[in-house]
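Protein chains in written order, with my numbering: chain A, 1 to 122; chain B, 1001 to 1122.
Every residue gets a Cβ at the ideal spot worked out from N, C-alpha and C, and that includes glycine.
What you are looking at is a predicted structure, and each value in this text was computed from that prediction instead of being measured.
This report refers to the structure that appears directly beneath it.
There are 2 protein chains.
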Amino acid sequence: MNIFGRVMQRQIKMIKALGDETRLRILKLLLKRELCVCELEAALSLPQSRVSRHLTVLRSLGLVEDRREGTWIFYSLFKPQNDFEKSVIQMIRNSLSDSELVNQDEKRLKRKLSQVYVYKCK
Amino acid sequence: MNIFGRVMQRQIKMIKALGDETRLRILKLLLKRELCVCELEAALSLPQSRVSRHLTVLRSLGLVEDRREGTWIFYSLFKPQNDFEKSVIQMIRNSLSDSELVNQDEKRLKRKLSQVYVYKCK
DNA sequence: TTCATATATTCGAATATACGGATATAATAT
DNA sequence: ATATTATATCCGTATATTCGAATATATGAA
């Protein structure tokens, strides 16, 4: 497979990764700010292994970046480098707007973020 | 599931449908013009049942529209009605650019279209 | 009616994906 | 060293998706 083939397969895998409810909810939360796994876990109200597994998929495709800070690992949305990647961001932005589920995610996230928990390494 | 849930599931299904090589190749061909199944079949160089099956998926999600003309059925790209659907079109446009496979699809399509075959119903 | 062409659907098999619970790893604090 | 917290990975199961070949349907022509 040539260079074009590889680019192609990568783009298709990226789109495929977007076509999953859990991953799309994660990406929508990351539009606003970077978040660690336990914050995402609280926002989504899903088991940790499930959140972590989806983050691994997103990371392997370059859709999120990770940054360690002590025991926390913070995930953030990737920075688009070309037109295709820009359209990926646009799709994330425009999808699930007015979705009750996404609203609840944000509500749960706010609750979690408002907890008094001090970041160890700051 | 409420109305938002249904919209959500529909959008996710649409994205999932984009995440398949065959369907993306079909949609890219339809960006330029409407095409019947046998033209798509020639362009993609894939068995008829496979092309037809993917068209059925795309039609069920409203990503393509169909129009009968005698024994031919012509498929065309859907018209976006909102921001999400516009971002779907953008993603189709921006994906697989400079892809060798898509170039070959267009070459095979040209060859097919240049064949002297008269449309029965025109 | 019969035939030919275009398209759709069915079938079983192969592969891929998503899941929760359990376990493993990694960093830090005591 | 041990305990604690955060995160990642493994495992078996369940479900979903894709495929080609074969068959069914639908239209129009002879």
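Please report how far the alpha carbon of A:Asp20 lies from the alpha carbon of B:Ile1012, in whole angstroms. 7 Å
Chain A beta carbons: is any one of them nearer than 9 Å to that of B:Lys1016? yes
Given that A:Phe78 touches chain B, what residues does it touch there, using C-beta distances under 7 Å? Neighbours of A:Phe78 on chain B: none; closest Cβ ~15 Å, over 7 Å.
Along the segment 17-48 of chain A, where does the CB come closer than 9 Å to a CB of chain B? Name the residues. Ala17, Leu18, Gly19, Asp20, Glu21 and Leu24
Interface partners of A:Ser114 on chain B, CB under 9 Å: The premise fails here: A:Ser114 is roughly 25 Å from chain B at the closest Cβ pair, so nothing lies under 9 Å.
Neighbour-count burial assignment, B:Gln1090, 16 or more Cβ in a 10 Å radius: buried
So does the segment 1028-1047 of chain B actually touch the segment 1092-1107 of chain B, counting three or more Cβ pairs closer than 8 Å? yes
Quick check: the Cα distance between B:Arg1111 and B:Glu1039, rounded to an integer number of angstroms? 10 Å
Between B:Glu1034 and B:Ser1076, how many whole angstroms is the CB-CB distance? I'm expecting something under 8 Å. 4 Å
Residue range of the beta strand (DSSP E) that A:Asp66 falls in? Val64 to Glu69
In this structure, what does DSSP give as the bridge partners for A:Leu77? A:Val64
B:Leu1031 - DSSP class collapsed to helix/strand/coil: coil
Can you grab the Cα-Cα spacing for the pair B:Phe1084 / B:Ser1114, in whole Å? 36 Å
Sorted by chain position, which residues of the same chain lie with C-beta nearer than 7 Å to A:Lys120's C-beta, five sequence neighbours on each side aside? Only weak support is given to the placement of A:Lys120: the predicted model assigns it a pLDDT of 46, under 50, and the value that follows is read from those uncertain coordinates. Counting only Cβ-Cβ distances below 7 Å, and skipping sequence neighbours, we find Gly70.
For the candidate residues A:Asn103, A:Leu101, A:Val102 and A:Met14, whose alpha-carbon lies nearest to that of A:Leu55? A:Met14
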